[in-house]
Every structure is written in structure tokens, then in C-alpha cells.
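Taken in sequence, the protein lines are chains A and B.
Just so we're aligned, residue 1 is where the first sequence starts under this note's numbering, counting upward by one.
Just so we're aligned, residue 440 is where the second sequence starts under this note's numbering, counting upward by one.
These notes concern the structure reproduced below.
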Amino acid sequence: MSEAIMIRDAVCSFCGCLCDDINVEVEGGKIQRVRHACRLGSSKIMGHARIESPMIRKNGVLVAVSFQEAYDNAAKILLAAAKPLLYGWASTSCEAAKKGILLAEEVGGVLDSTATVCHGPSVIGIEEKGLPGATLGQVKNRADTIVFWGCNPAEAHPRHSLRYSSNSCGKFTPEGREGRKIIVVDVRETKTSKNADKFIRISPGSDYEVISALRMLIAGKGESVPDEVGGVLKADLADIAATLKAAKFGAVFFGLGITHSRGRYKNIDNALSLVAELNSHSKFVIMPMRGHYNVGGIGQVLAWSSGYPMSVDFTRGAPYFNPGETSACDLLAKRDVDAALIIAADAVSNFPRATAEALADIPVIQIDPYENPTTLLSDVVIPCAIAGVEVEGTAYRMDGLALRLRKMVDSSFPSDEDILTGILESVHKQRQLAANEGA
Amino acid sequence: MISGRTLAQGAGCESKMSTDFFRAVAICHLSEKDFKSLGLSEGQNVLLKNEFGQVVLTAKKDAGLPDSMVFIPMGPWANVLVGTESGGCGTPHFKGLEVEVAATDSPVLNIRELFSGMGA
């Protein structure tokens with residue numbers, strides 16, 4: 001048994017917080033202990049039962065094959081498809097994303113990320129209005145007023161409050177939680193709302209109306225606001241508006257409570273306007289609580305290589321972006337794709353049932369370390385090494401800061417980037433063979 | 440109905456075929472009043488249905504939920520009740536869905552049963 005080593009200040013590759021203070025004890029090539037990580041991060045780093053071998057489906061049963069055979073089968077599916085969907089990308093590195101975009105261009109497919117069922121409406125709202133943003137460090141060091149709207153970081157981003165927001169102590173916020181005003185807006189009580197100075201419970205689907213009322217109150221046009229909006233008394237809204245205006249540095253964090261509800265991207269558009277207007281009175285910033293650790297990264301890589309942040313159609317010879325038409329759920333619901341490559345995501349679990357059923361009717365290639373419902377429907381399954389645990393790479397934190405993921409232990413599995421390279425090479429080889437046969 | 444993250448759901452989301460994930464996600468939170476008015480006892484199941492599908496889940500009391508609202512941890516059980524309409528932005532309504540809820544003696548399907556008959 002080799003001597004134990006301690007890897008210090010590694011980055012956790014679970015959620016968009018990308019906590020960079022994780023200590024990991026490694027002995028005998030295995031992770032023995034994780035320190036500083038939350039329950040989510042520890043679970044990720046300690047790992048779970050893996051898919052042991054590449055597999056292809058023969059006579060309805062997945063059977064073990066070599067990696068090369070899996071790459072060749074995957075390439076064959078993608079080449080035979082008129083419009084393949086390449087979906088996922090939120091839990092892998094930017095280097096893998098870059099390779100995936102090359103593959104999507106090469107085979108003429110549509111590349112979409114998990115943002116499409118998550119903060120996609122935020123991405124669209126931000127495109128329309130712009131983002132008055134900041135780094136999490138600025139929030140930690142300066143914010144005296146923090147709003148959590150439709151998000152529950154106590155369960156989805158457990159260390160957010162201690163490291164970056166409500167309960168963190170910064171250079172100009174030495175009192176931490178005591179020196180801050182915390183407002184939570186949600187349709188239900190959560191662990192996050194229990195930590196609030198003021199909890200505003202709104203009616204489901206009324207985010208747009210409540211934001212509009214706050215905008216009117218902040219603009220001094222309170223006389224136009226009804227006595228109750230979205231289940232909230234005008235007096236309570238006026239109280240919130242006054243608190244927001246009085247902030248020295250305010251931050252709004254928002255989650256899927258606002259993107260998944262009635263209004264969707266228009267809710268975000270309105271929230272961005274609210275924050276822009278608050279900057280006439282104070283310094284205010286706003287940030288989406290990104291879920292998967294590198295869902296921001298795929299957006300960045302896609303944007304700089306294609307011009308668009310998600311749902312990019314490469315079938316036309318030039319990138320084309322039209323959410324609602326080129327987004328994964330819509331394409332599947334309309335049966336407009338004829339093969340799918342699912343990487344670093346579990347589409348079958350996380351899509352509406354009818355969309356999962358559409359995936360069941362087309363050839364599916366899965367690249368993932370773990371068995372999940374997508375595996376049950378896949379025709380080619382390729383196990384990979386885990387980025388941020390077994391492979392290094394680049395990831396973008398929820399505030400857009402790029403951080404380097406560390407390798408903690410060796411893996412016998414290839415990285416996502418290696419697998420995509422293998423499929424891409426097989427695509428080239430099979431194309432060349434077909435061209436030679438045709439010549 | 441709203442679906443969303445929980446700590447146990449997140450901790451189990453990379454081991455979806457496990458019983459831990461099943462226990463964490465195949466549940467339906469109801470307000471104390473709704474729980475009582477449906478005549479439920481702890482560990483009993485509820486049948487949820489709407490125009491998109493129906494699913495059986497284990498009922499759980501949640502003091503933080505308002506009446507007439509159910510919360511289901513995000514995942515394949517909740518998504519049986521989610522439609523495909525994306526409002527032109529690609530994102531279906533995973534929250535704010537109308538569902539009917541009733542007590543049932545039917546069992547909760549495990550993850551393999553939930554997808555049996557679908558696909559290959």
C-alpha cells in the first residue's frame with residue numbers, strides 16, 4: 001500500500017459553486033476521505049458503482065465490447081442520422097465540450113446543453129437585457145442585502161451561503177450574517193427561507209407580477225400597485241422595495257423557481273430590469289444559481305465557437321439558434337431528430353416523460369461514468385473517467401470565473417475528451433472508406 | 440405541483456439505480472392539512488395524475504408547504520407529470536402544474552419498472 005497523500009484546495013466538480021478549498025486524502029490510488037465538501041460534493045468525489053465496460057446493444061441486450069468497437073458503432077449511428085442530437089455537456093470539462101462541438105459540426109447535428117431544462121430561460125433573458133453581474137468574491141466582500149428568489153441553495157448549493165453569500169464574512173462584511181439583510185422569495189418555506197430576515201411567499205406563477213410591482217414601487221409609482229400582488233400585501237412589497245433601495249451593495253440570486261414557472265424567460269427579463277433600475281439608487285447585481293458544475297462552461301465554449309450559448313443547430317452549414325425549435329425537448333417532442341448522443345447528463349430521467357419516450361425510439365449513444373435510466377434506452381454505452389476527480393480540465397463557476405479542475409486519482413477509463421476524439425476519428429475513417437468504395 | 444432539488448436527491452443523482460435514490464425521490468410532499476384531509480398515514484402512497492400521465496409516490500408531510508400544493512423531488516417520477524410544451528424557449532414547465540391527488544394502495548414503481556416497456 002502506497003503512502004497516503006493529501007491533495008489540498010482542489011475544486012469540487014458537483015455544482016456551480018465550484019468550491020475550491022476541498023482537501024482529499026488519497027491512499028493506494030483510492031480516495032479515502034474528503035474534507036470541506038458538502039454532502040453533494042462528498043458523494044460525487046467518493047464516487048458510486050461504475051459502468052465497467054463499453055457496451056453495444058445486440059438482440060436487445062447490452063453486451064461488452066472494446067472501446068474501439070463502441071467508438072465505431074457510435075460513429076456509424078451519427079453518420080447514418082440525418083439530424084443527430086448531441087446533448088448534455090454540463091458535467092464535463094470545457095475541453096470535452098470543444099471536442100463535442102467539432103463532432104456536432106462534422107456530423108451535422110444539433111448540440112444542446114442541460115441549460116435547456118434549467119437556466120435556458122435565464123440565458124435568453126440575459127441575451128435580451130444584459131446581465132448586471134459580479135463575481136461571487138465581490139458579493140462575499142461587499143453585499144449587505146441579498147435576495148434569493150425561487151432558489152434553495154441550502155439544498156442545491158449547500159456551501160453557497162457560507163462561502164459566498166448570506167453567512168460569509170468578507171473584507172467589507174466582517175459581521176457576516178449579522179451585517180446582512182436576507183430576503184427570500186418563494187412559493188413555499190425552505191431551508192433557505194428559514195435563514196431569511198424576510199420571507200415573501202408568493203402565489204405559484206406570479207413572479208412576473210411581483211417583480212413588476214416592485215419595479216413600480218422603486219420607480220415611485222406605488223399608486224398604480226394594487227393592494228395585493230401575487231398573494232403578497234402591497235405594504236410588504238413596499239417594505240422590500242425600501243430595503244432594496246437602501247442597500248449599499250445588493251445581490252439577487254435566482255433559481256429554477258423562476259425559470260421553470262409561468263413567464264419563464266420573461267420573468268428573467270423583468271428581474272434583470274428590476275436590478276438595472278435598482279442601480280439608479282444603489283449598486284445591485286444579479287446572478288443565476290447554476291446547477292451542474294460546468295453548465296456555464298458549455299455555454300461559454302459554444303458562444304465563443306458558434307456565437308450562441310445553447311441549442312445550436314449545425315445541420316445547415318452555419319450555426320443556427322432558435323430556442324423552442326432547436327432545443328432538445330422540442331426536437332424530441334416533434335420527433336425532429338433521428339439519433340442522440342447523451343454525454344454528462346441523464347436526459348431520460350430529467351426530460352418530460354413523452355420526450356424520454358421519443359429518445360427510446362431512436363438510436364442513443366451514452367457517454368457517462370454511471371448507469372442511469374438513459375443507459376436502459378441506449379444502444380451504445382461508453383464509460384468515461386470523471387472530470388474533476390480522475391481527469392483535469394477547465395470549468396466555469398456560476399459567476400463566469402474559469403477554474404482548473406484537478407486530477408485526484410488515476411482512472412482506467414478514457415476521458416470524455418478522449419472518447420469524443422475516438423468517435424471523431426472513426427467518423428473520419430468511415431467517411432474515407434465510404435468515399436474510397438464510391439470512387 | 441412543483442418539482443425541485445433536495446439534498447438527498449442531489450446526493451443520489453449519480454447513483455440513480457440505487458434504493459437510496461428511490462427513497463429520496465419517489466416521494467410526494469403534501470401540507471399537513473392536505474395529508475390529513477386525504478386520510479393518509481405516514482408511508483402510505485398517493486396517486487397523482489394529470490393530462491400528461493399518472494404516477495404513484497410515497498406521501499410525506501411537509502409543514503413548509505401551503506395547502507393545495509405538492510412538491511416532488513426532481514427526477515423521473517416527477518417528470519411523468521410534466522408536458523413537453525416549452526413556450527418557445529426550450530424549457531418545459533417543471534413547476535406550476537395542476538395535478539389530482541388521491542390516496543392509493545398501488546405500489547410505487549422502482550426505477551427499472553418505471554421505464555420497463557420503453558425502448559430497446
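For each residue, glycine too, the CB sits at the ideal point set by N, CA and C.
Taking a Cβ-Cβ threshold of 7 Å, the residues of chain B close to T355/A are T523, in chain order.
Boundaries of the alpha helix (DSSP H) around R353/A: R353 to A360.
For G179/A, the secondary structure class from DSSP, reduced to helix, strand or coil, is helix.
Partner residues in the beta bridge of I367/A, as assigned by DSSP, are I343/A and I382/A.
Nearest neighbour of T326/A by Cα position, chosen from A542/B, L553/B, N549/B and G529/B, turns out to be G529/B.
Separation of the CB atoms of I7/A and R397/A is rounded to 19 Å, and the pair is thereby denied contact status at 8 Å. Only P323, G324, S327, C329, D330 and A333 from the stretch 313 to 340 of chain A bring a Cβ to less than 7 Å from some Cβ of chain B.
E127/A is the residue among I45/A, P84/A and E127/A whose C-alpha sits nearest the C-alpha of N322/A. Neighbours of C528/B across chain A, judged by C-beta separation under 8 Å: G120, P121, I124, R264, Y265, P323, G324 and S327. Distance from the CA atom of M55/A to the CA atom of G400/A, rounded to whole angstroms, is 36 Å. Here DSSP, grouped into helix, strand and coil, assigns E25/A to strand. With a minimum length of 3 residues, the unbroken runs of beta strand (DSSP E) contained wholly in the stretch 450 to 479 of chain B fall at 466 to 469.
The beta carbon of R188/A falls within 7 Å of a beta carbon belonging to chain B, placing the residue at that interface. As summarised for the stretch 248 to 298 of chain A, the continuous beta strand (DSSP E) elements at least 3 residues long and confined to that stretch are 249 to 254 and 283 to 288, given in chain order. Identification of residues in the stretch 441 to 460 of chain B having a C-beta nearer than 7 Å to some C-beta of chain A yields I441, G443, R444, T445, L446, G449, A450, E453, S454, K455 and M456, given in sequence order. Note that the stretch 259 to 270 of chain A does not touch the stretch 90 to 97 of chain A; fewer than 3 beta-carbon pairs, one per stretch, sit closer than 8 Å. About 5 Å separates the CB atoms of P512/B and V464/B; that is less than 8 Å, so the two are in contact. Distance from the CA of V519/B to the CA of V494/B, rounded to the nearest whole angstrom, comes to 7 Å.
Between the stretch 116 to 136 of chain A and the stretch 229 to 245 of chain A there are fewer than three inter-stretch CB-CB distances shorter than 8 Å, so the stretches are not counted as touching. No Cβ of chain A is located within less than 7 Å of the beta carbon of L536/B.
The beta carbon of V123/A sits closer than 7 Å to the beta carbons of A115, G299, P309 and M310 from its chain, once the five residues preceding and following it are set aside; these are given in chain order. DSSP lists no bridge partner for R39/A. For the stretch 248 to 260 of chain A, residues whose beta-carbon sits nearer than 9 Å to a beta-carbon of chain B comprise G255, L256, G257, T259 and H260.
As DSSP reads the structure, S113/A sits in a beta bridge with G88/A.
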